[in-house]
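Worksheet: one structure, shown below.
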Amino acid sequence: MNQPVESIAEQKSVYLRDFEHAPARDGEPEWLTALRRRGIEAFERRGFPHSKEESWRKTRLSQVANTHYTVQPAAGEASVLAGYRPAVEAGPCLVFLDGRFDAERSRWAELPAGVTAAPLSELDGAAATAVENHLGTLAPVDEHPFAALNTAFVQDVMVIHAARGSLSETPISVVFASSDSEEQAVYPRLLVVVESGAELRVVEQHVGGGANYLSCPVTELVAADGAILDYYRVQEPGDAARQLGTVSTRAGKDAAVRMHTLAAGGQLSRTDIYADLDGTGADVELNGLYLTEGRQFCDHHTWVSHNTEHTTSRQVFKGVLDGRSETVFDGLVKVAEGAQKTDAQQENRNLLMSKMALAHSNPRLEIYADDVKCSHGSTTGQLDKEALFYLRSRGVGPADAKSMLVFAFANEMLEPIKVSGLHDYERGLLFRRLPGDETVREVV
């Protein structure tokens, strides 16, 4: 229920009371209970971000701060899953509804040797040990209020563990679905650990109904020395949803993390991405596409830290904005002292389909080493009039001409996708945003 907040302290105490009155978690390991306590204490200290904080000043948080979102005692109706299509049709797909594992709706398939995928509640052995060693070590629990809330209230953790030297070309899919429960809070959590020399592909998908709900997903990706991780994230929250999440990754020596995100939905969405390149030869790619319309607000913040020498990062984020939508891209590349031979590139490009759409772009560099190659750039504009004229002069209708140019702009972000089926799925999301989608489908 909506309720005005007299002060930040007043609002924080609501979540503290929820935490203190939460049902007992019998059998939960002591380390996880301690981690939960760390989360709620961090939120109590931090509170909701203030509009004067530089990294939050453009994010519209008043609705979130003035609404008491609560964890439901049980998962809601699964109607949201009735008509949804998994982003990937092949391979294992583990489904969570309102933060709780749903074994009945999950799709089971044989996993490669050395790869484990299961909720924390069902783990034991090496995978369980990996969780204890890594959960909460990458997520900014002490600084990020929504990562703190997730840590305090998470219902279950999806864990994917690839043992040393294992190889998995078949992607492992995880679907986090939110039901149509008004003003509920959902805290999805994913931990991926790829041990030395292993290779893994993971697809994380978020879907939701039309209710006003709050989703605070937290994802932690560990790539040990020589590991290769391809990570794909598809965000389709409901039209009235608020989704505020974090993705954190750490790349060891000669490790490669390739991350692709697509954001298409939600009244308010923000994804904060943290990448630490900790080993010599580490390579991280961050690619993102966001599609907004109506009065949607979509925010991406990235922090890429080159902490040692001979590391490489590439960032390309593109946005297609329509209606009165508003987007933010704020990216920081930080090169530590002594991190010589760093090679970092950062680019943000926005295409405005409406005169009322607004894109904020702020790529930044912070460099403390002198032998580096770093660049950043940003462009925001409307469709090229000469290109439109060219297509129109050859008999292409106005809607189809616009759609072709938008498709060409956005499809560049989809071409590198290596997972069979995911490329077509994301193209479908893009097609549905185009006024001449049928014509474009025929052409491409």
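Counting from 10, one number per residue, gives the positions in the sequence shown under the numbering used here.
Note that the Cβ used here is the ideal one computed from N, Cα and C, for glycine as well.
Residue i in three-state terms, based on DSSP
i, result
"N221", "coil"
"K411", "helix"
"D27", "helix"
"K382", "strand"
"S130", "helix"
"V184", "strand"
"G85", "coil"
"D171", "A small correction: the amino acid at residue 171 is Ala; Asp does not occupy that position in the sequence shown. Looking at A171 - three-state DSSP - the assignment turns out to be strand."
"R198", "strand"
"I426", "coil"
"N159", "helix"
"R34", "coil"
"V166", "coil"
"V80", "coil"
"R401", "helix"
"A272", "strand"
"R450", "helix"
"T68", "coil"
"V14", "Here the model assigns V14 a pLDDT of 39, short of 50, so the residue's position is not dependable, and the following value carries that caveat. Of the three classes helix, strand and coil, the one that applies to V14 here is coil, per DSSP."
Residues bridged to residue i [DSSP beta-bridge criterion]
i, result
"H369", "V337"
"D239", "R210 and R267"
"G390", "L360"
"H143", "For H143, which the question treats as bridged, DSSP gives no partner whatsoever."
"S314", "D285 and K343"
"H432", "H432 pairs with nothing; no bridge assigned."
"D308", "R279 and V337"
"H215", "F185 and Q244"
"R116", "C102"
"T138", "None, per the DSSP bridge assignment."
"V124", "A171"
"Q193", "T79"
Residue i to residue j span [Cα, whole Å]
i, j, result
"L428", "Y241", "The sequence given here has Val at residue 428, not Leu. Their Cα atoms are separated by approximately 9 Å."
"T301", "Q244", "12 Å"
"E113", "S188", "16 Å"
"H310", "H143", "23 Å"
"N221", "A417", "34 Å"
"F454", "L158", "A query on residue 454 cannot be resolved here, the shown segment of the chain reaching from 10 to 453 and no further."
"H170", "P154", "27 Å"
"F306", "G134", "43 Å"
"V449", "L414", "10 Å"
"K411", "L392", "8 Å"
"K394", "L271", "27 Å"
"V405", "T389", "25 Å"
"N11", "H77", "Below a pLDDT of 50, predicted positions are generally treated as unreliable, and N11, at 46, falls in that range; the measurement from the model is reported next regardless. Whole-angstrom Cα-Cα distance: 7 Å."
"E294", "M268", "6 Å"
"V381", "A265", "20 Å"
"A126", "A31", "28 Å"
"R345", "R34", "The amino acid at residue 345 is misidentified as Arg; the sequence shows Ala. Each residue's Cα considered, the two are about 42 Å apart."
"L9", "F440", "This structure cannot speak to residue 9, because the chain is shown only from 10 to 453."
"S16", "D111", "Legend: pLDDT at S16 = 43, less than 50; position of this residue unreliable, value from coordinates given subsequently. So the alpha carbons of these two residues sit roughly 38 Å apart."
"L397", "Y24", "53 Å"
"E152", "Q193", "23 Å"
"I376", "V342", "8 Å"
"R94", "S205", "34 Å"
"P58", "S71", "10 Å"
"E208", "K350", "26 Å"
"N296", "I282", "11 Å"
"S370", "L253", "19 Å"
Terminal residues of the beta strand (DSSP E) in which residue i lies
i, result
"G254", "R251 to A260"
"A148", "Counting along the chain, A148 falls outside any beta strand (DSSP E), and DSSP gives it neither H nor E."
"T321", "T321 to L330"
"Y299", "D292 to T301"
"V227", "V227 to A232"
"V104", "C102 to L106"
For residue i, the first and last residue of its enclosing alpha helix (DSSP H)
i, result
"Q355", "Q355 -> not in any alpha helix (DSSP H); beta strand (DSSP E) instead, spanning D352 to L361."
"E178", "That residue, E178, is in no alpha helix (DSSP H); it is neither H nor E in DSSP."
"Q72", "S71 to A74"
"Y377", "Run containing Y377: none; DSSP gives neither H nor E here."
"A43", "E39 to R55"
Contact test: residue i Cβ vs the ligand SAM heavy atom, cutoff 8 Å
i, result
"S88", "Judged by which ligands are present, the structure shown has none, so any question about the ligand SAM falls away."
Contact between the segment 422–437 and the segment 75–86 (3+ Cβ pairs under 8 Å): no
Cβ contact (3+ pairs, closer than 8 Å) linking the segment 249–267 and the segment 224–233: yes
Three or more C-beta pairs below 8 Å linking the segment 101–110 and the segment 163–171: yes
Stretch pair the segment 284–293 + the segment 316–336: three plus CB contacts closer than 8 Å: yes
Touch test, the segment 87–103 against the segment 171–189, Cβ-Cβ under 8 Å, three pairs minimum: yes
Contact between the segment 322–333 and the segment 348–363 (3+ Cβ pairs under 8 Å): yes
Segment contact flag, the segment 327–345 with the segment 358–371, C-beta cutoff 8 Å, min 3 pairs: yes
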